[in-house]
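Note sheet for the following structure.
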Amino acid sequence: RQAYVARVEKIGADHRNNTKVRVRWYYRPEGSIGDHRQFHGANELFLSDHFDIQSAHTIEGKCLVHTFKNYTKVENVGTEDYFCRFEYKAATGSFTPDRVAVYCKYEMPYNPDDLMVQCEGCKD
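Using the numbering used here, you'd call the opening residue of the sequence shown number 74 and step up by one each time.
Structure below.
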């Protein structure tokens, strides 16, 4: 099972003095409307507009969500390393930005998991 990933926005206590966290959820490509695309990396997450209040006890650990640019410079990607290049509106399935930089005549975005000499469509 893949862990759920969220960004902690605020830490506080409820009326019973239980520690609560306000989180902003990251979605995985396969959990979003539009599903997984060829250029999505295995460690790609989308920062959503979905906020939630959770018990601090639900936190299992810490991970690092890099910008796309910084992720491509990480020499040894570990199991706690992820990257984000889109924001995702959970209700509508829309993304910001709605386009990303492309790297070939077939306008395929870069997938950091693949050595991008040419995309599958580029044959010349």
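Each residue gets a CB set at the ideal place from its N, CA and C atoms; glycine is no exception. The structure presented is a predicted model; accordingly, all values stated were derived computationally and were not measured.
{"Item": "Rounded C-alpha distance that separates residue 101 from residue 121", "Value": "10 Å"}
{"Item": "The alpha helix (DSSP H) enclosing residue 135, as first and last residue numbers", "Value": "Neither: residue 135 is in no alpha helix (DSSP H) and is coded neither H nor E."}
{"Item": "CB of residue 98 within 8 Å of CB of residue 115, strictly", "Value": "no"}
{"Item": "Residue burial classification, residue 105 (beta-carbon count within 10 angstroms, cutoff 16)", "Value": "buried"}
{"Item": "Coarse secondary structure for residue 103, derived from DSSP in three states", "Value": "helix"}
{"Item": "Whole-angstrom distance between residue 86 and residue 111, CA atom to CA atom", "Value": "42 Å"}
{"Item": "Closest residue to residue 158 among 94, 83, 123 and 119 (Cα-Cα distance)", "Value": "119"}
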